[in-house]
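A.B. asks: Just passing along the structure, written as structure tokens.
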Amino acid sequence: FKMLKLLKKTLIFPRNQLKRVEFCREMLNFGPAFWETVIWSDETTVRQRPQGKDITIRVHSSHIDDLEEINPQIHSGGFSVMFWGCFSKLGLGPLVALEGTMNSENYLELIKDTLLPEIDAAGRPMVFMQDNAPCHKAKRIMDFFAQENIETLNWPPQSPDMNPIENLWAIIKARRKKKYGVPTSKNELIEQIFDIWNDIDVGLVHTLADSANKRVQAVLKANGKVTKY
Numbered sequence: 270f271k272m273l274k275l276l277k278k279t280l281i282f283p284r285n286q287l288k289r290v291e292f293c294r295e296m297l298n299f300g301p302a303f304w305e306t307v308i309w310s311d312e313t314t315v316r317q318r319p320q321g322k323d324i325t326i327r328v329h330s331s332h333i334d335d336l337e338e339i340n341p342q343i344h345s346g347g348f349s350v351m352f353w354g355c356f357s358k359l360g361l362g363p364l365v366a367l368e369g370t371m372n373s374e375n376y377l378e379l380i381k382d383t384l385l386p387e388i389d390a391a392g393r394p395m396v397f398m399q400d401n402a403p404c405h406k407a408k409r410i411m412d413f414f415a416q417e418n419i420e421t422l423n424w425p426p427q428s429p430d431m432n433p434i435e436n437l438w439a440i441i442k443a444r445r446k447k448k449y450g451v452p453t454s455k456n457e458l459i460e461q462i463f464d465i466w467n468d469i470d471v472g473l474v475h476t477l478a479d480s481a482n483k484r485v486q487a488v489l490k491a492n493g494k495v496t497k498y
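Each number in this note's numbering corresponds to the 1-based position in the sequence shown with 269 added.
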């Protein structure tokens, strides 16, 4: 027998499993090279004291590959700061520390200030990935994308495991905790996250970007259910 720590994953509703499969089947038509044109984006919240309890179970070694147990998560505690960032196979994009609640108005200003220069710097057509947060899908946002001829992915709901930036956020949080410990103020936390972001090596960025096609295949293999990513 071995002791295994359960993965912290979000449970996916059956109707969204179907949407994930449909999306992935469509993406197979584009091939791995398509993902080199995608700009991955997302917000994340970094907390002063994240309280995500680990759960470890005892399992026979012959059953490790069949293990499907997970550890659903709810976090709270201390102050927090929300960040928005993006990256592509071409490299890291901008990182922004957000103030207040994100709505369609300030999200529009955010993408004007960050996404447009990022696409211009790419020097070639790029596809923008954002999730289905209400402020992302607001009419003014979609109208802006149409006006600027910005192509977006029709992203399926409940699919953080398909977005490589989620793994980047996890790496950044782990490195921040290891390097700095518990911050004493929001400004200190912001400075720490920017320091870690600016120190991310290009090899990691390439690895995460290159994982996109494997994520698609993993979702199909799991019939839309949560994957190891």
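C-beta atoms are modelled at their ideal positions from N, C-alpha and C, and glycine is treated no differently.
Nearest to Lys448 by CA position, among Phe348, Ile462 and Leu364, is which residue?
C.D. replies: Taking the first residue of the sequence shown as position 1, residue 448 is located at position 179. Selected option, being the one with the closest Cα: Ile462.
A.B. asks: Indicate the three-state DSSP secondary structure (helix, strand or coil) for Ile339 in the structure shown.
C.D. replies: Within the sequence shown, the letter at position 70 stands for residue 339. Model confidence at Ile339 stands at a pLDDT of 47, short of 50, so the residue's coordinates are unreliable; what they give is reported in the following sentence. Ile339: strand per DSSP, three-state reduction.
A.B. asks: Would you mind sorting Arg393 into buried or exposed? The rule is 16 or more other CB atoms within 10 Å of its CB.
C.D. replies: The sequence position of residue 393 within the sequence shown is 124, counting from 1. With fewer than 16 Cβ atoms within 10 Å of its Cβ, Arg393 is classed as exposed.
A.B. asks: Do the segment 399-407 and the segment 421-439 meet, that is, are 3 or more Cβ pairs less than 8 Å apart?
C.D. replies: In this structure the segment 399-407 lies against the segment 421-439, because at least three pairs of beta carbons, one per stretch, are closer than 8 Å.
A.B. asks: Between which two residues does the beta strand (DSSP E) carrying Cys355 extend?
C.D. replies: Translated into the one-based positions of the sequence shown, residue 355 becomes position 86. Per DSSP, Cys355 is one residue of the beta strand (DSSP E) stretching across Ser349 to Ser357.
A.B. asks: Given a cut-off of 8 Å on the beta-carbon distance, is the pair Leu377 and Phe348 in contact?
C.D. replies: Position 108 of the sequence shown, counted from the first residue, corresponds to residue 377. Position 79 of the sequence shown, counted from the first residue, corresponds to residue 348. Not in contact: Leu377 and Phe348 (Cβ atoms no closer than 8 Å).
A.B. asks: For Val396, name the three-state secondary structure that DSSP assigns.
C.D. replies: Position 127 of the sequence shown, counted from the first residue, corresponds to residue 396. Three-state result, Val396: strand.
A.B. asks: Considering only residues of the same chain and omitting the five flanking positions on each side of Ala366, which have a CB-CB separation below 7 Å?
C.D. replies: Locating residue 366 in the sequence shown gives position 97, where the first residue counts as 1. Only Val350, Phe352 and Ile459 meet the Cβ criterion.
A.B. asks: At the level of alpha carbons, what is the spacing between Pro363 and Asn456?
C.D. replies: Locating residue 363 in the sequence shown gives position 94, counting from the first residue. Locating residue 456 in the sequence shown gives position 187, counting from the first residue. Spanning the two alpha carbons is a distance of roughly 18 Å.
A.B. asks: Run through the DSSP bridge pairs and tell me what Asp311 is partnered with.
C.D. replies: For the purposes of this step, residue 311 is taken as the residue at position 42 of the sequence shown. DSSP lists Gly354 as partners of Asp311.
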